[in-house]
Amino acid sequence: MADSYRVIILGTGPAGLTAAIYAGRANLEPMVLDGNEPGGQLTLTTEVENFPGFPDAVQGPELMDQMRAQAKRFGATMQTGQVTAVDLSRRPFKVTVDDGSQTYLADSLIISTGASAKMLGVPGESEMIGHGISTCATCDGFFYRNKPIIAVGGGDSAMEEATFLTRFASQVTIVHRRKQLRASKVMQERARRNDKITWELDVTPTAIMHQDGQVVGLQIRENPTGNSRVIAAEGVFVAIGHQPNTQFLKEQLDMDELGYIRTAGVTSQTSVPGVFACGDVMDRRYRQAVTAAGSGCKAAMDCEKYLEAIE
Ligand code: NAP
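First residue of the sequence shown: 634, per our numbering; consecutive thereafter.
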């Protein structure tokens with residue numbers, strides 16, 4: 634017999650844990666499922682300086698531990714498991730975890746599985762995440778005051794991140810794998826007009842170079858010649874897109890062309906009554922811890938109203 638809950642929350646980033654705090658305080662006894670990245674993207678950063686209430690900054694993993702403890706205090710229970718399938722065709726909704734060995738039932742679901750930044754997958758990258766490799770200029774740009782850095786990517790994100798990073802860095806090199814940029818004209822032109830930005834086009838990143846725990850550069854291969862060289866930099870910002878974690882929801886919920894869940898108006902209501910979405914899994918625009926937390930609050934409040942109405 635599968636365990637049954639009034640609400641199951643999928644994901645333990647700021648959105649999921651805030652939803653858990655609010656649902657817990659509403660006596661819904663939420664069950665929260667950790668995925669394969671407990672705590673979400675903030676666990677990949679070091680200092681978080683822009684989360685309100687922490688004037689002296691807080692470590693990303695510590696902030697998530699605190700949110701988790703707060704959710705538990707209000708009666709949320711935590712289970713570990715990667716959601717591999719859900720059945721939203723009837724209530725109670727069915728949630729299948731891992732290899733199918735475990736299933737759960739729920740009257741309502743809050744989906745907060747987040748988005749994962751795409752990574753380059755080159756040697757040196759995974760070891761240096763949070764220590765010279767970042768996927769968020771807004772979060773980490775400040776640490777690179779007067780230092781040379783690299784932004785990888787040719788889309789709007791890379792242009793935006795690179796332009797933002799010139800506020801801090803001594804120089805920003807945009808590294809892109811083709812001659813043509815994918816970014817919109819306006820974003821390209823803004824970056825091109827910026828004196829602090831230099832360009833390395835038609836090159837393929839091949840390795841992150843690091844020494845004594847510090848990033849020292851990016852090794853690239855010039856596509857036309859095949860020659861390799863290293864571009865010196867103390868930080869590498871990877872801005873090659875994000876992937877919402879919605880693969881397990883295919884054909885069950887309305888999503889946009891990139892796989893982000895669509896919600897109705899200012900609410901967290903998805904296309905299936907009783908299923909709510911919050912955080913980066915439905916937000917491709919803001920993607921901040923504080924906006925995710927705010928949307929988690931909304932999802933829990935929407936969910937509470939829904940359960941009240943059906944009960
Ligand atoms: P994107 O448009 O998909 O661009 C990703 C870039 O990364 C592309 O240039 C791509 O190269 C490159 N790339 C992908 N995989 C790579 C790999 N493994 N190695 C090296 N390079 C790789 O993603 P995005 O820039 O994050 O934008 C996503 C969406 O958000 C877009 O619709 C964008 O317009 C929007 N956005 C808008 C704004 C704004 O308007 N302010 C800001 C940010 C994002 P190729 O070009 O060769 O494929």
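Glycine included, every Cβ here is placed at the ideal spot set by N, Cα and C.
If you count every other CB in all the chains shown that lies within 10 Å of the CB of residue i, and 16 or more means buried, which is it?
i	result
G846	exposed
A746	The sequence shown places Thr at residue 746, not Ala. Buried, by the Cβ-count rule.
I642	buried
Q813	exposed
E793	buried
P647	buried
L891	exposed
S817	exposed
L701	Here residue 701 turns out to be Arg, not Leu, going by the sequence shown. Answer is buried; the Cβ neighbour count reaches 16.
Y919	exposed
T858	exposed
V730	buried
R639	buried
Q699	exposed
I744	buried
T796	buried
E760	exposed
S790	buried
H764	exposed
Is DSSP giving residue i helix, strand or coil here?
i	result
E959	The requested residue 959 does not occur in the structure, where the chain is confined to residues 634 to 944.
T768	coil
D740	strand
A784	strand
S722	coil
M761	helix
T924	helix
M934	helix
D789	helix
D636	strand
T746	coil
State yes or no: is the C-beta of residue i nearer than 7 Å to some heavy atom of the ligand ZN?
i	result
G788	Judged by which ligands are present, the ligand ZN is missing from the structure shown, whose ligands are the ligand NAP.
Look up residue i in the DSSP assignment and give the residues it is bridged to.
i	result
T837	R854
Q844	Q847
V730	V716, Q735
T796	DSSP, once it has assigned bridges, lists no residue as partnering T796.
Any beta-carbon of chain C closer than 8 Å to the one on residue i?
i	result
D636	Note that chain C does not occur in the displayed structure, where there is just one protein chain.
Whole alpha helix (DSSP H) runs in the segment 799-828 with 4 or more residues, listed along the chain? 818-825
Length-filtered (3 minimum) beta strand (DSSP E) runs lying within the segment 847-921: 847-855, 861-865, 868-871, 875-877, 908-910
I'd like the ranges of any beta strand (DSSP E) spanning at least 3 consecutive residues and lying wholly in the segment 639-712. 664-667
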